[in-house]
Amino acid sequence: MTEDLLTIGDFARASGLSHKALRLYDDLGLLVPAYVDPASGYRFYGPGQLDRAVLVGSLRRLGMPLARIAEVVGLGPADAADAVAGWWSGVEQQTGARRDLATLLVDDLARKGTAMTAPMTAPRYTVRHATGLDAGLVRPAQQDAVHAGDPLFAVADGFGDTGAEASSAALAALAAALPDPTDASTDVVQRLREAAAAADAAVAAVVGDTGRTATAGTTLAALVRTAGGLAVVHVGDSRVYRLRDEGLFRLTRDDSLVQAMVDEGRLTPEEAWSHPQRPMLAKALVGRGTEADVRLHDARDGDRYLVCSDGLSAVLPEAVLRTTLTGAADPQAAVDALLAAVRDAGAPDNVAVVVADVVTAGGGTTGGGTGGAGLRRLC
Ligand code: MN
Numbered sequence: 034m035t036e037d038l039l040t041i042g043d044f045a046r047a048s049g050l051s052h053k054a055l056r057l058y059d060d061l062g063l064l065v066p067a068y069v070d071p072a073s074g075y076r077f078y079g080p081g082q083l084d085r086a087v088l089v090g091s092l093r094r095l096g097m098p099l100a101r102i103a104e105v106v107g108l109g110p111a112d113a114a115d116a117v118a119g120w121w122s123g124v125e126q127q128t129g130a131r132r133d134l135a136t137l138l139v140d141d142l143a144r145k146g147t148a149m150t151a152p153m154t155a156p157r158y159t160v161r162h163a164t165g166l167d168a169g170l171v172r173p174a175q176q177d178a179v180h181a182g183d184p185l186f187a188v189a190d191g192f193g194d195t196g197a198e199a200s201s202a203a204l205a206a207l208a209a210a211l212p213d214p215t216d217a218s219t220d221v222v223q224r225l226r227e228a229a230a231a232a233d234a235a236v237a238a239v240v241g242d243t244g245r246t247a248t249a250g251t252t253l254a255a256l257v258r259t260a261g262g263l264a265v266v267h268v269g270d271s272r273v274y275r276l277r278d279e280g281l282f283r284l285t286r287d288d289s290l291v292q293a294m295v296d297e298g299r300l301t302p303e304e305a306w307s308h309p310q311r312p313m314l315a316k317a318l319v320g321r322g323t324e325a326d327v328r329l330h331d332a333r334d335g336d337r338y339l340v341c342s343d344g345l346s347a348v349l350p351e352a353v354l355r356t357t358l359t360g361a362a363d364p365q366a367a368v369d370a371l372l373a374a375v376r377d378a379g380a381p382d383n384v385a386v387v388v389a390d391v392v393t394a395g396g397g398t399t400g401g402g403t404g405g406a407g408l409r410r411l412c
């Protein structure tokens, strides 16, 4: 029965794969032995399986996720070649984005190292902003909300039958509970957590007790001017991006099921983009004590921030967000261009958006949005 077959040891030597790897690939159905001895459980492989084994091993060394390898080895050679090329170009794009992020982090840290010894004469900033709110072309009602008035620049994306009330209530409560941006003595992160808890409590008041499973609530994405810089307060899949030196960086991580799958390596970011479960949230303000993610960031002259609901970020690719934000002369022009682009793309969801620019006080900039007290560089 097994005279033409190779033992797992011989096959491992011939293919360059370990016993452990061969057992894993068998378990996953990537490389099923030609014969398994029912008595001993020993695996045997046919010589004709070597090509596939070498391909699986090579794709693993390339870093391709196992689920993707399973697809590739099921294809004919020409389609497999296309699939590998397509996947690799995605990897290079991601690597490029990570390289930019690494550069940014090195730059930020180096500045902070310098600032430790520099005199405390931090430049003062103001924030100029514009907002947009569009129900879109498909949804029967507007459940997104926007709040932009110094020191809060925020959107909320309500869902469920009282979603509109939830998003509005969350933003109003957050605005009312924020720490004084001119007071540097408070523990800003703790105060912002408390403000987010107040927003969650406000959601509880409008959604009521709807039983074991929450059916209504809201996301929250907020940029908050603080004594030390700019803070991001976040729950759900609304997002905050920062455009700096023409590079666009997302400052928030989606609390969503597909993001969790990306983190586990089960989905690539481009697969997540079009995944049918993309709108499924892992976390939201539903009035049950959800804790918001709070992060502090420095503010630099010329920074442009985008705060938006998924009606924008799930419809327009990040490359379009970047070019639109880069090309707009001021926040209002950016908001107008973003809303027009979403409508061109069918506007399948409600859209809430804030674009906010950090400008030095007395830097010669004028125009709409809020002026207000100075903004100290975080150092
Ligand atoms: Mn939405």
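So my numbering is basically just the index in the sequence shown, starting at one, shifted up by 33.
Glycine included, C-beta positions come from ideal geometry on N, C-alpha and C.
Model, not experiment: these values are computed from the prediction.
Below 8 Å on the Cβ atoms is my guess for residue 358 versus residue 276; work out the distance and round it to an integer in Å. Here residue 358 is taken as the residue at index 325 of the sequence shown, counted from 1. Here residue 276 is taken as the residue at index 243 of the sequence shown, counted from 1. Between residue 276 and residue 358 the Cβ distance is about 5 Å, and since that is below 8 Å, they are a contact.
Determine the closest residue to residue 434 out of 391, 376 and 390, with distance taken between C-alpha atoms. Past the boundaries of the shown model lies residue 434; the chain is included only from 34 to 412, so the question cannot be answered.
Cβ of residue 342 within 7 Å of any heavy atom in the ligand MN? On the sequence shown, position 309 is the one that residue 342 refers to. Residue 342: yes, Cβ under 7 Å from the ligand MN.
Straight-line CA distance for residue 184 to residue 298? Along the sequence shown, one-based indexing puts residue 184 at 151. Along the sequence shown, one-based indexing puts residue 298 at 265. Approximately 38 Å between the Cα atoms of the pair.
N- and C-terminal bounds of the beta strand (DSSP E) containing residue 160: For the purposes of this step, residue 160 is taken as residue 127 along the sequence shown, with counting starting at 1. 158-167 is the extent of the beta strand (DSSP E) around residue 160.
Tell me the DSSP bridge mates of residue 265? Position 232 of the sequence shown, counted from the start, is the residue given in the question as residue 265. In the DSSP output, where bridge partners are listed per residue, residue 265 has 256 and 328.
What I want to know is whether the C-beta of residue 190 ends up closer than 7 Å to one or more non-hydrogen atoms of the ligand MN. Indexing the sequence shown from 1 puts residue 190 at position 157. Residue 190: yes, Cβ under 7 Å from the ligand MN.
Using the three-state DSSP reduction, which class does residue 182 fall into: helix, strand or coil? What you label residue 182 is simply residue 149 of the sequence shown in a count that begins at 1. Reduced to three states, the DSSP call for residue 182 is strand.
Is it right to say residue 52 is buried, meaning 16 or more other beta carbons lie within 10 angstroms of its own, or is it exposed? Within the sequence shown, numbered from 1, the residue matching residue 52 stands at position 19. With fewer than 16 other Cβ atoms within 10 Å, it is exposed.
Please name the residue in 54, 356, 295 and 200 whose C-alpha comes closest to that of residue 254. Counted from its first residue, the sequence shown places residue 254 at position 221. The candidate whose alpha carbon is nearest that of residue 254 is 200.
Inter-stretch contact at 8 Å, needing at least 3 Cβ pairs: the segment 217-234 / the segment 308-323: yes
Cut-off 8 Å between Cβ atoms - residues of its own chain near residue 293, not counting five sequence neighbours on either side: The residue you call residue 293 lines up with position 260 of the sequence shown. Excluding residues within five positions, the ones whose Cβ falls inside 8 Å are 315.
First through last residue of the alpha helix (DSSP H) which encompasses residue 65: Position 32 of the sequence shown, counting from 1, holds the residue named residue 65. From DSSP, residue 65 is part of no alpha helix (DSSP H); its letter is neither H nor E.
What ranges does the beta strand (DSSP E) occupy inside the segment 311-379, keeping only unbroken runs of at least 3 residues that lie completely in it? 326-330 and 337-341
Cβ-heavy atom distance, residue 415 to the ligand MN, below 7 Å: Here the chain has residues from 34 to 412 only, and residue 415 is not among them.
With the cut-off set at 8 Å, would you say residue 87 and residue 58 are in Cβ contact? Here residue 87 refers to the residue found at position 54 when the sequence shown is read from its first residue. Here residue 58 refers to the residue found at position 25 when the sequence shown is read from its first residue. Against a cut-off of 8 Å, the Cβ pair of residue 58 and residue 87 comes out as no contact.
What does the alpha-carbon distance come out to for the pair residue 348 and residue 143? On the sequence shown, position 315 is the one that residue 348 refers to. On the sequence shown, position 110 is the one that residue 143 refers to. So the alpha carbons of these two residues sit roughly 36 Å apart.
Using 10 angstroms around the beta-carbon of residue 214, count the other beta-carbons present and answer buried if the total reaches 16, otherwise exposed. Here residue 214 refers to the residue found at position 181 when the sequence shown is read from its first residue. Classification of residue 214: buried, given that the 10 Å Cβ count is 16 or more.
Would the beta-carbon of residue 354 fall within 8 Å of that of residue 339? Within the sequence shown, the letter at position 321 stands for residue 354. Within the sequence shown, the letter at position 306 stands for residue 339. Their beta carbons are under 8 Å apart, which means residue 354 touches residue 339 by this criterion.
From what residue to what residue does the beta strand (DSSP E) around residue 275 run? Residue mapping note: residue 275 aligns to position 242 of the sequence shown, counting from 1. From DSSP, the beta strand (DSSP E) with residue 275 extends over 272-277.
Below 8 Å on the Cβ atoms is my guess for residue 385 versus residue 170; work out the distance and round it to an integer in Å. Looking up residue 385 in the sequence shown gives position 352. Looking up residue 170 in the sequence shown gives position 137. No, residue 385 and residue 170 are not in contact; Cβ-Cβ is about 15 Å, not under 8 Å.
If you follow the beta strand (DSSP E) that residue 76 is in, where does it begin and where does it stop? Here the question's residue 76 lines up with position 43 in the sequence shown. Looking at the DSSP string, the run of the beta strand (DSSP E) that includes residue 76 is 76-78.
So what's residue 393 in DSSP terms, helix, strand or just coil? Position 360 of the sequence shown, counted from the first residue, corresponds to residue 393. Residue state, collapsed to three classes: strand.
Could you check whether the Cβ of residue 43 sits closer than 7 Å to any heavy atom belonging to the ligand MN? Numbered from 1 along the sequence shown, position 10 holds the residue referred to as residue 43. Checking every heavy atom of the ligand MN against the Cβ of residue 43, none is found closer than 7 Å.
Length at least 4, wholly inside the segment 88-140: the alpha helix (DSSP H) runs in chain order: 99-106
Hey, could you find the ends of the beta strand (DSSP E) residue 49 is sitting in? Numbered from 1 along the sequence shown, position 16 holds the residue referred to as residue 49. Element bounds for residue 49: n/a, residue is neither H nor E.
On the DSSP letters alone, give me the boundaries of the beta strand (DSSP E) that residue 281 sits inside. Here residue 281 corresponds to residue number 248 of the sequence shown, with the count starting at 1. 280-283 is the extent of the beta strand (DSSP E) around residue 281.
Verify the contact flag: residue 287, CB atom, against every heavy atom of the ligand MN, threshold strictly below 7 Å. For the purposes of this step, residue 287 is identified with residue 254 of the sequence shown, where counting begins at 1. Residue 287: no, Cβ never under 7 Å from the ligand MN.
Could you give the first and the last residue of the continuous alpha helix (DSSP H) run that contains residue 174? The count along the sequence shown starts at 1 and reaches residue 174 at position 141. Where residue 174 is concerned, there is no enclosing alpha helix (DSSP H), given that its DSSP letter is neither H nor E.
Using the three-state DSSP reduction, which class does residue 143 fall into: helix, strand or coil? Along the sequence shown, read from residue 1 onward, the residue named residue 143 stands at position 110. Three-state result, residue 143: helix.
Which residues in the same chain have their Cβ closer than 7 Å to the Cβ of residue 134, if we skip the five residues on either side of it in sequence? As a working mapping, residue 134 is identified with position 101 in the sequence shown. Once the five neighbours on either side are set aside, the close Cβ partners of residue 134 are 282.
Per DSSP, cross-strand counterpart(s) of residue 193: Taking the first residue of the sequence shown as 1, we reach residue 193 at position 160. Note: residue 193 sits in no beta bridge, so no partner.
Who are the near neighbours of residue 279 in its chain, counting only those whose CB is closer than 7 Å to its CB and skipping five residues on each side? Position 246 of the sequence shown holds residue 279. So the qualifying residues of the chain are 359.
Less than 8 Å between the beta carbons of residue 259 and residue 317, yes or no? Looking up residue 259 in the sequence shown gives position 226. Looking up residue 317 in the sequence shown gives position 284. No. Outside cutoff.
Going by DSSP, name the residue or residues bridged to residue 385. Position 352 of the sequence shown, counted from the first residue, corresponds to residue 385. Residue 385 pairs with 166.
With a CB to CB cut of under 6 Å and the five nearest residues on each side skipped, what residues in its chain are close to residue 193? In the sequence shown, the residue the question calls residue 193 occupies position 160. Result list for residue 193: 248 and 249, in chain order.
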